[in-house]
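In the working numbering, the protein residues as written are 34 to 169.
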Amino acid sequence: MELLDILLLCLAAFFLRLWWRYWSATGGGPRNLPPGPPGWPLVGNLFQVILQRRHFIYVVRDLREKYGPIFTMQMGQRTLVIITSSELIHEALVQKGPLFASRPADSPSGSYSVLGSAPSTRLSTALCGAPSAATS
């Protein structure tokens, strides 16, 4: 019985190693995404960013030098496609805007909109008929 346990453990370790190689080679996701730094399973590149103890923008700047103006990162279970070129941003948001206009289904804000405390807030609440803090 112990021999069978050892054999199953070795087999599980072998398949875990194969899965780890595949995960690292593909960056943890599908192959149709831009290249990016390989991440750990489940946490992605989260620890790589946190352990550098720098602002995220500086981490992105360093990764841009290595991977180019568009690359992919995994932050936990969320896949981020980061665009750092103004030409590519214009193409994605203006020329192909309807393609990227929707929010993810699991977006924290969901279907709610958030209004801040700006001059336009008073106008929008007045138009909607809701009392605002300025009028009460």
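No residue lacks a Cβ here, since even glycine has one placed at the ideal position from N, Cα and C.
With respect to the beta strand (DSSP E) encompassing residue 81, which residues constitute its N-terminal and C-terminal limits?
-> Looking up residue 81 in the sequence shown gives position 48. Premise fails: residue 81 lies in the alpha helix (DSSP H), 79-83, not in any beta strand (DSSP E).
Please work out which residues of its chain come closer than 7 angstroms, Cβ to Cβ, to residue 104, disregarding the five sequence neighbours upstream and downstream, and give them in chain order.
-> For the purposes of this step, residue 104 is taken as residue 71 along the sequence shown, with counting starting at 1. 67, 68, 69, 96, 115.
With a threshold of 16 other CB atoms inside 10 Å of the CB of residue 65, please say whether the residue is buried or exposed.
-> On the sequence shown, position 32 is the one that residue 65 refers to. Exposed, by the Cβ-count rule.
Residues bridged to residue 105 (per DSSP) = Here residue 105 corresponds to residue number 72 of the sequence shown, with the count starting at 1. In the DSSP output, where bridge partners are listed per residue, residue 105 has 114.
Leaving out five residues on either side along the sequence, give the residues of the same chain with a beta carbon under 6 angstroms from the beta carbon of residue 78.
-> Residue numbering aside, residue 78 sits at position 45 when the sequence shown is read from its first letter. Contacts found: 70, 72, 106, 107.
Distance between beta carbons of residue 112 and residue 170, contact taken as under 8 angstroms | Since the first residue of the chain shown is 34 and the last is 169, residue 170 is not available in this structure.
How about residue 76 and residue 92: do their beta carbons lie closer than 9 angstroms?
-> To locate residue 76, count along the sequence shown from 1; it is residue 43. To locate residue 92, count along the sequence shown from 1; it is residue 59. It is not a contact, given that the beta carbons lie outside the stated cut-off.
Span of the alpha helix (DSSP H), counted from its first residue to its last, around residue 130 = Taking the first residue of the sequence shown as position 1, residue 130 is located at position 97. 130-133 is the extent of the alpha helix (DSSP H) around residue 130.
Straight-line Cα distance separating residue 120 from residue 130 | Counted from its first residue, the sequence shown places residue 130 at position 97. Counted from its first residue, the sequence shown places residue 120 at position 87. Looking at the two C-alpha atoms, the distance is approximately 14 angstroms.
Enumerate in chain order the residues of its own chain whose CB-to-CB distance from residue 149 is below 7 angstroms, with the five nearest sequence positions on each side excluded.
-> The residue labelled residue 149 in the question sits at position 116 within the sequence shown. Summary for residue 149: the model assigns pLDDT 49, below 50, so the residue's position carries little reliability, and this model does not support an answer.
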